[in-house]
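As you go down the protein sequences, you meet chains R and L in turn. Numbering (my numbering) for the first sequence: 63 to 525. Numbering (my numbering) for the second sequence: 33 to 585.
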Amino acid sequence: MSAGIPAGPAADVLIVGAGPAGLAAAVELRRLGAGRVVVVDRDEEAGGIPRHSAHTGFGARDLRRFLSGPAYARRYADAAAAAGAEIRLGTTATGWDGPPGMSGRAGTSGQPGISGQPGAGGPSTVRPDRAAGPYRVTLTSAAGIETVGAAAVLLATGCRERPRTARLVPGDRPPGVMTTGELQRRVYLAGQRLPGRALVVGAEHVSFSAMVTLAHAGAQVVGLVTDRPRHTSYAGFGLAASWRWHAPVWRCTVVRRVAGRGRLEGAELADTRTGETRFVPCDVVVFTGDWIPDHELARAAGLAMDAGTRGPAVDTALETSAPGLFAAGNLVHAAETADVAALGGRHAARGIAEFLRGAAGHGTAGGRGPAPQPVRLPVTVEPPLLWVAPNALRAGGPAPPRGRFVLRSDVFDRLARLEVWQDGRRLATGVSFGIKPDRPVRLGASWTGRADPGGGPVTVRLA
Amino acid sequence: MRRAAGTGDDRPADVAIIGAGVVGTAIARALALQGVSCVLIDAANDVGTGTSKANTAILHTGFDTVPGSLESRLLRRGSALLRDYARRAGIPVEHTGAVLVAWTPEQVAELPAIEAKAHRNGVTDVHPIGAAELYRREPHLGPGALGALVIPGESIICPWTTPLAYATQAVAAGARLRLRSRVTGIRAGALEHQVVTAAGVVRCRWVVNAAGLYSDAVDAMMGGDSFTICPRRGELIVFDKLARPQLSQILLPVPTARTKGVLVAPTVYGNVLLGPTAEDVPDRGDVATTGAGLAALLAAGRRILPGLAAEEVTASYAGLRAATADRDYQIWADGSRRYACVAGIRSTGLSASLGIAEHVIGLLAGAGLRLAGRPEPDPPLMPYIGQAGTRPYQDAARIAADPEYGRIVCHCERVTRGEIRDALAGPLPPADLDGLRRRTRVLNGRCQGFYCAATVAALFAAGGPPALVADPPGRPPAMVPQTAGPEAAVPGAGRVQAARRGEAVQRAAGRGEGGGPAVGHEGAGPQAPGNAGTGRPASGPGEAGRRAAEPPV
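Structure (structure tokens):
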């Protein structure tokens with residue numbers, strides 16, 4: 063399908079996704095002196111998920127202030143535009159034109175777009191002979207179909223909630239069953255009202271956010287359902303649910319069936335401990351959380367994927383298995399808060415700048431050929447830990463974003479001891495308080511210097 | 033905002049067809065093209081909403097039918113006709129072929145008989161292959177397969193576009209479409225029958241019963257009692273498009289006496305389909321999925337294609353086959369009562385539809401109905417919603433001519449604003465979001481509306497719910513001049529350039545159909561064709577089913 067598609071001028075960096083991670087990366091890349099930075103987003107507006115998250119609390123870690131989701135989104139969109147990034151909305155990256163990255167590490171000639179001088183913005187450093195770029199991405203928009211070449215690409219495509227169908231909840235298929243994402247877009251972007259009774263499936267942070275959205279839309283939340291022994295959000299949220307909205311959290315409970323032909327009548331819930339079932343009449347069911355990365359472009363690129371996160375495997379610089387192809391945000395850890403995603407984007411930008419500098423050093427001018435692939439050491443977890451991100455150490459590379467690894471646990475543990483092992487050798491041990499499913503478990507990176515780059519994989523486990 | 037169904041033209045028709053599924057629409061099309069004035073009646077708010085929308089979406093060769101049966105003959109004939117029709121109408125088809133896989137020595141022993149049967153059915157290219165060749169062709173197949181039969185002619189097809197194409201062509205040729213018109217009784221008369229519907233009385237000389245799951249009830253209204261429909265539910269699971277590379281063709285099991293078993297097939301929407309189960313259910317509206325059914329499918333899927341387990345499920349749905357005690361089709365015409373019955377089509381109606389229609393109008397002509405004897409005109413060119421050909425978002429020339437084709441609304445299925453606009457303004461506009469799904473694939477993807485449901489709902493509301501009565505432009509059908517081709521006669525058909533013909537020519541091994549099957553709006557579900565006289569309410573109006581259009585059984 064590449065035939066006849068015009069190739070646009072190459073970008074130094076193409077960023078797919080104008081959410082917190084992508085926009086923060088664009089700002090940082092321009093600050094570091096990258097030339098042409100193009101950010102594409104399939105949505106008509108920049109900012110990503112925070113745009114329809116009306117509650118406050120955005121920006122604590124990256125901007126050192128508390129903003130509402132829409133304000134936070136606007137701030138990043140404005141910052142990226144002000145930094146000189148080219149933001150193209152209503153533009154879908156539909157695929158890779160040719161095998162991505164097959165030309166090798168920055169395998170094209172010319173000057174990379176990193177000047178090495180922070181703050182050096184200015185016009186693009188792209189030269190005609192780099193028009194092909196090692197990466198060629200096909201874009202569709204109202205302006206037409208175009209292939210953009212780029213010396214480096216950042217995938218920041220985010221994540222979505224698993225809908226009812228993906229969770230294989232059986233029963234009838236009436237309207238009125240949705241995800242939080244759809245709910246928030248309907249309520250906050252389209253201004254819809256949802257009178258009636260609502261059931262929330264899930265009891266993590268986003269579930270309580272859905273509850274607030276439902277209340278805002280005029281719905282009466284009849285309860286939250288979780289198969290876990292308790293909810294995984296802040297204690298205050300659970301109390302608020304019961305006191306302010308009289309919405310109980312039904313624990314150890316699953317949705318066994320959705321009922322209603324043509325019109326939703328309710329859901330049958332089952333207690334996993336006793337097997338008891340009950341029918342909860344409702345007009346809306348919102349399936350919340352249970353995040354999965356939007357990894358289709360990563361899969362299409364043939365990247366090595368991480369079985370735990372289900373996003374592309376990335377090293378501590380957030381580079382994927384393809385040189386010059388980076389990934390950040392909730393594509394590599396679904397789902398963290400927006401500020402953590404943004405800081406990851408900022409971190410990836412530094413890795414990309416380093417990559418472009420390396421490409422300059424190893425380009426055709428010096429005749430030294432492609433830069434060597436970095437040595438990577440996989441980092442894995444053992445159950446009941448579910449995943450760790452980043453999932454590889456990079457020899458001589460940077461510490462992970464924010465100087466820590468992020469993990470997920472499948473169990474609650476008030477006082478957990480985390481251990482890091484390699485080849486039968488314990489590299490580190492640490493204590494983590496109050497581990498909960500769906501919530502980040504943090505692991506410092508001070509041990510990484512003790513890992514043997516030539517050794518086996520590093521494993522993190524609960525002692 | 034909506035015209036009530038049945039308030040349109042109430043002139044007596046030559047033929048009233050009860051049931052606007054794939055069989056009823058095919059018959060209406062065949063009759064209308066022969067100058068016969070006809071009215072196509074359905075309880076649902078759209079064509080093709082019952083068994084026709086929820087099946088496995090396979091264009092069968094008929095290799096495994098009972099040799100010498102009516103089904104065998106009409107399936108073979110219909111399948112050949114539909115291949116040609118689909119190519120010309122832009123209905124997505126992929127000629128993938130199939131392998132029928134034997135997993136046990138007992139199944140291996142059955143292969144020669146199945147091969148012989150296929151040859152007796154005229155499907156002479158069926159041949160066996162050994163395990164090594166099978167794994168060379170399907171390397172992702174689970175371990176333990178011992179051999180297979182190759183059925184090169186099995187194909188996959190879009191079950192939604194097919195009845196829409198038939199109905200579009202029928203209406204363009206003069207047929208009147210009466211939706212939301214559940215049949216509650218028939219007053220059979222010596223000169224004229226009166227079909228009483230929820231939206232008024234339809235007067236006609238002939239009645240054709242194509243009511244699918246409700247065909248026994250319609251038959252009873254005409255005084256018959258020769259058969260009973262026993263709904264057999266089939267649950268199916270649709271996997272993410274990322275699973276599509278795991279197979280190149282349809283993977284069939286060795287059938288049992290009872291069912292064809294659980295298969296894995298690509299869909300023309302680029303997904304992978306697993307199913308169906310087979311379960312007799314008493315309720316003709318019961319298209320709920322069950323925990324046990326889905327679990328059984330996943331277990332079967334793990335054995336056939338272990339890699340499926342690592343991919344996300346996009347949708348699950350269930351459909352009902354209209355089975356009868358008799359294994360063969362129940363098709364006959366009674367000139368004395370001016371009544372034709374087309375029932376017991378079970379699961380092969382999509383593939384056989386054009387053959388059935390040809391057979392039925394032959395029976396009607398034999399019983400005294402006069403046909404014009406015209407040559408068949410070209411079909412309308414339908415909006416292409418397959419994965420193997422070029423969709424609007426991939427078509428630079430189309431986007432240049434109309435930027436709305438570059439504005440992707442549904443990101444999972446890559447449906448553009450232009451396509452949604454066209455569907456809403458088309459000759460048979462959707463009455464609800466489910467109808468829009470079946471016309472465009474919108475909302476059928478992996479996110480099930482996380483990103484686009486709010487936008488799509490707004491576009492649908494802005495586009496306005498359409499009238500539910502489609503009357504042909506102009507005068508009584510028999511008098512519609514046939515000077516212009518059907519494309520000119522179908523409003524909107526000309527919109528799709530003739531240059532796009534040929535895109536629908538599907539390559540072997542393309543991607544499959546499937547996209548969005550999923551959840552369906554129950555009201556529009558299997559009771560769709562005709563719901564006659566069952567007392568089951570017609571599908572509810574209004575916001576309509578999110579979640580669902582399904583692909584087929």
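By construction, the Cβ of each residue, glycine as well, lies at the ideal position given by its N, Cα and C atoms.
Could you tell me if residue i is buried or exposed, where buried requires 16 or more neighbouring beta carbons within 10 angstroms of its beta carbon?
| i | result |
| --- | --- |
| ARG456 of chain R | buried |
| LEU284 of chain L | buried |
| GLU266 of chain R | buried |
| ASP157 of chain L | exposed |
| ARG104 of chain R | buried |
| ASP74 of chain R | buried |
| THR336 of chain R | exposed |
| PHE120 of chain R | buried |
| PHE270 of chain R | buried |
| ALA520 of chain L | Note on ALA520 of chain L: pLDDT 32, under 50, position unreliable in the model; the coordinate value appears next. By the neighbour-count rule (16 or more Cβ atoms within 10 Å), ALA520 of chain L is not buried but exposed. |
| LEU396 of chain L | buried |
| GLN278 of chain L | buried |
| ASP116 of chain L | exposed |
| GLN362 of chain L | buried |
| GLU138 of chain L | exposed |
Does the distance from the CB of residue i to the CB of residue j come in under 9 angstroms?
| i | j | result |
| --- | --- | --- |
| LEU382 of chain L | PRO191 of chain L | yes |
| ARG479 of chain R | ALA525 of chain R | yes |
| ALA275 of chain L | GLU343 of chain L | yes |
| ASP96 of chain L | PRO287 of chain L | yes |
| SER258 of chain L | GLY51 of chain L | no |
| ALA41 of chain R | GLY438 of chain L | Since the first residue shown for chain R is 63 and the last is 525, residue 41 of chain R is missing from the structure and cannot be characterised. |
| PRO520 of chain R | PRO440 of chain R | For the record, residue 520 of chain R in the displayed sequence is Val; it is not Pro. Yes; because the gap between Cβ atoms is below 9 angstroms, this pair is in contact. |
| VAL294 of chain L | GLY307 of chain L | yes |
| LEU166 of chain L | LEU173 of chain L | yes |
| ILE183 of chain L | VAL155 of chain L | yes |
| LEU468 of chain L | PRO459 of chain L | no |
| ALA118 of chain L | LEU91 of chain L | yes |
| TYR349 of chain L | THR321 of chain L | yes |
| VAL345 of chain L | THR227 of chain R | yes |
| VAL131 of chain L | SER385 of chain L | no |
| ALA297 of chain L | THR57 of chain L | no |
| ALA134 of chain L | LEU178 of chain L | yes |
| ALA404 of chain R | LEU85 of chain R | yes |
| VAL348 of chain R | THR242 of chain R | yes |
| PRO236 of chain R | ARG361 of chain R | no |
Using the C-alpha atoms, what's the distance from residue j back to residue i?
| i | j | result |
| --- | --- | --- |
| LEU151 of chain R | ARG255 of chain R | 28 angstroms |
| GLU126 of chain L | ALA60 of chain L | 26 angstroms |
| ALA148 of chain L | ARG168 of chain L | 25 angstroms |
| GLN179 of chain R | ARG123 of chain R | Its pLDDT being 32, under 50, GLN179 of chain R is placed unreliably by the model, and the measurement read from it follows with that caveat. Taking the straight line joining both Cα atoms gives about 26 angstroms. |
| THR472 of chain L | SER203 of chain R | 18 angstroms |
| GLY317 of chain L | ALA375 of chain R | 46 angstroms |
| PRO171 of chain L | SER368 of chain L | 59 angstroms |
| LYS498 of chain R | VAL317 of chain R | 22 angstroms |
| GLY110 of chain L | GLY94 of chain L | 10 angstroms |
| VAL101 of chain R | THR200 of chain L | 43 angstroms |
| ASP366 of chain L | ALA399 of chain L | 7 angstroms |
So who's on the other strand from residue i, going by DSSP bridges?
| i | result |
| --- | --- |
| GLY211 of chain R | R:ARG198 |
| PRO343 of chain R | R:GLY328 |
| GLN246 of chain R | Partner(s): none; GLN246 of chain R has no beta bridge. |
What I want to know is whether the C-beta of residue i ends up closer than 8 angstroms to one or more non-hydrogen atoms of the ligand HEM.
| i | result |
| --- | --- |
| GLU224 of chain L | The model on display carries no ligand, and the ligand HEM is accordingly not part of it. |
Item to check | Cβ contact check for the region 250–263 of chain R and the region 338–346 of chain R: 3 or more pairs under 8 angstroms | outcome: Flag = yes, the region 250–263 of chain R and the region 338–346 of chain R touch.
Next on the checklist: With three or more C-beta pairs closer than 8 angstroms as the rule, is the region 204–221 of chain L touching the region 96–103 of chain L?
Outcome noted: no
Next on the checklist: Can you confirm whether the region 460–475 of chain R touches the region 491–508 of chain R when touching is taken to mean that 3 or more C-beta pairs between the two stretches lie within less than 8 angstroms?
Outcome noted: yes
Checklist entry - On the three-pair Cβ rule with 8 angstroms, is the region 372–389 of chain R touching the region 413–424 of chain R? => result yes
Checklist entry - Any contact of the region 398–413 of chain L with the region 79–92 of chain L, i.e. 3+ C-beta pairs under 8 angstroms? => result no
Checklist entry - Between the region 260–271 of chain L and the region 309–316 of chain L, do at least 3 Cβ pairs fall closer than 8 angstroms? => result yes
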